[in-house]
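S.K.: Going line by line, the protein sequences match chains A and B. Numbering of the first sequence is given in our numbering, commencing with residue 707 and proceeding in unit increments. Numbering of the second sequence is given in our numbering, commencing with residue 707 and proceeding in unit increments. Pasting a structure below so you can have a look.
Number of protein chains: 2
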Amino acid sequence: MTTSPARDVELASDLVVHAARLVRAVRRELELPAIVRIVSLLDEHGPVGISRLAELDRCSQPTMSSAVAQLVDRGWATKAPNPDDARGSVVTLTDAGRAELARIRRLNGERVAALVADHPDLDNEDLATAVAVLRGVLQKGSTS
Amino acid sequence: MTTSPARDVELASDLVVHAARLVRAVRRELELPAIVRIVSLLDEHGPVGISRLAELDRCSQPTMSSAVAQLVDRGWATKAPNPDDARGSVVTLTDAGRAELARIRRLNGERVAALVADHPDLDNEDLATAVAVLRGVLQKGSTS
DNA sequence: TTCAATTACATAGGTTTCCTATGTAACATG
DNA sequence: CATGTTACATAGGAAACCTATGTAATTGAA
Chain A
707 MTTSPARDVE LASDLVVHAA RLVRAVRREL ELPAIVRIVS LLDEHGPVGI
757 SRLAELDRCS QPTMSSAVAQ LVDRGWATKA PNPDDARGSV VTLTDAGRAE
807 LARIRRLNGE RVAALVADHP DLDNEDLATA VAVLRGVLQK GSTS
Chain B
707 MTTSPARDVE LASDLVVHAA RLVRAVRREL ELPAIVRIVS LLDEHGPVGI
757 SRLAELDRCS QPTMSSAVAQ LVDRGWATKA PNPDDARGSV VTLTDAGRAE
807 LARIRRLNGE RVAALVADHP DLDNEDLATA VAVLRGVLQK GSTS
């Protein structure tokens with residue numbers, strides 16, 4: 707069917723290609739702003755500074771600065787000066803942010819639940835594997 | 707650790723979040739233009755029209771028009787009028803396009819191979835599962 | 001046939017998302 | 001205390017998309 711030099715190499719490429727497709731599809735259908743990623747990060751890593759957040763999200767520091775400003779603007783997070791280091795900030799998820807995270811997860815959950823329903827050869831374990839792979843690819847060390 | 711309403715719902719969200727992070731990380735590190743996705747599509751689906759390509763890539767038709775123009779510009783594809791329908795075009799992958807696809811796959815392959823190497827609990831089968839999940843989520847029907 | 005949808009694509013114009021470059025103030029260190 | 005480093009902000013711009021809309025070809029119904 708398609709050119710197949712080595713199966714795993716092709717898979718690696720497809721992972722990225724499909725990931726990109728997924729992201730755009732979700733953004734179009736659910737109209738989620740890019741900053742919801744950071745809400746998820748904050749939930750996972752608790753209150754952190756901006757540069758650290760940028761590292762975790764693999765984006766530049768100015769991008770994260772602007773993202774945090776938007777989060778604060780929407781009331782999903784607060785930004786306070788770091789008491790231990792006057793240069794730094796501490797970004798914290800608000801209750802509204804947590805509510806938004808729950809809402810997003812519900813939306814995504816519904817969509818994927820529907821998939822798993824009419825896709826007999828995929829289950830939640832496969833989903834967990836997929837997330838683990840994406841997470842794994844992003845672990846430090848892959849940043850050449 | 708984090709709020710956990712229902713495991714699978716959280717996973718569904720994480721899939722999207724991590725996918726977005728992966729895409730940006732790859733674009734930053736490898737500096738691949740977005741249009742490489744379409745090269746992959748053309749390899750998979752053979753010569754097709756622009757609107758169909760847009761459907762397959764889950765993007766808008768104008769976005770695909772512009773993407774194809776870029777592909778032609780780089781010599782990775784050709785755009786010819788459809789002989790059966792004067793409105794339509796037929797976009798075809800060139801040899802240069804196939805070469806580029808091979809190059810990209812090699813780059814991604816190296817990166818993921820490194821991951822699999824120092825990540826004992828992940829193997830190529832997991833990778834295949836991840837791709838299958840992403841592909842599955844994108845199948846028609848998920849477009850509400 | 002003819003004329004009104006529909007379809008395939010192009011163009012215009014704008015928004016979101018993200019980046020590099022650079023400045024500023026606070027810390028760290030010799 | 002001078003110098004380098006770190007945390008963040010700001011400026012400016014580029015890439016990637018989108019909606020709205022126009023045009024020409026095709027289909028379909030009267």
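C-beta atoms are modelled at their ideal positions from N, C-alpha and C, and glycine is treated no differently.
1. Please report how far the alpha carbon of B:V839 lies from the alpha carbon of A:E831, in whole angstroms.
2. Look at the alpha carbon of A:R758 and the alpha carbon of B:D714, and state the distance between them as a whole number of angstroms.
3. Let me know if A:T769 comes out buried or exposed under the rule of 16 or more other beta-carbons within 10 Å of its beta-carbon.
4. For a test of the three-state rule: what should DSSP assign to A:P768, helix, strand or coil?
5. For A:T835, go through chain B and note every residue whose CB falls closer than 8 angstroms to its CB, in chain order.
6. Going by beta carbon distance, what residues of the same chain come within less than 6 angstroms of A:V723, once the five residues before and after it are set aside?
7. Enumerate, from N- to C-terminal direction, the unbroken beta strand (DSSP E) stretches of 3 or more residues contained entirely within the segment 764 to 823 of chain B.
8. From A:A802 to B:E750, what does the alpha carbon distance come to, in whole angstroms?
9. Check distances from the C-beta atoms of the segment 795 to 811 of chain A to those of chain B and list, in chain order, the residues that come in under 7 angstroms.
10. Give a yes or no on whether the C-beta atoms belonging to A:V754 and A:L762 are separated by under 9 angstroms.
11. Give me the residue from B:D827, B:V843, B:T835, B:L807 with the minimum Cα distance to A:A823.
12. Please list, in chain order, the chain B residues whose beta carbon lies closer than 7 angstroms to that of A:E716.
13. Residues of chain A with CB under 8 angstroms from B:V774, in chain order?
14. Of all the CB atoms in chain B, is at least one closer than 9 angstroms to the CB of A:L821?
15. Could you name the residues of chain B that A:S746 contacts, counting a contact when the two beta carbons are closer than 8 angstroms?
16. Taking only beta-carbon positions, decide if A:A726 is within less than 9 angstroms of chain B.
M.R.: Taking the geometry as given:
1. Across the structure, B:V839 and A:E831 are spaced so that their CA atoms are roughly 10 angstroms apart.
2. In this model, A:R758 and B:D714 are separated by some 28 angstroms (Cα to Cα).
3. Burial check for A:T769: the Cβ neighbour count within 10 Å stays below 16, so the residue is exposed.
4. Helix at A:P768.
5. Within chain B, the residues near A:T835 are D832, T835, A836, V839.
6. Answer for A:V723: no residue qualifies.
7. Fully enclosed beta strand (DSSP E) runs of 3 or longer: 783 to 787, 795 to 799.
8. Taking the straight line from one Cα to the other gives about 43 angstroms.
9. Result list: R804, A808, I810, R811.
10. It is a contact, given that the beta carbons lie within the stated cut-off.
11. Measuring from the Cα of A:A823, the nearest candidate turns out to be B:V843.
12. Within 7 angstroms Cβ-Cβ: R811.
13. By Cβ distance, chain A contributes nothing, its closest Cβ being about 16 angstroms from B:V774, past 8 angstroms.
14. Cβ-Cβ to chain B under 9 angstroms: yes for A:L821.
15. Ordered by position in chain B, the residues that pass the 8 angstroms Cβ test against A:S746 are S719, D720, V723.
16. Yes, because at least one Cβ of chain B sits closer than 9 angstroms to the Cβ of A:A726.
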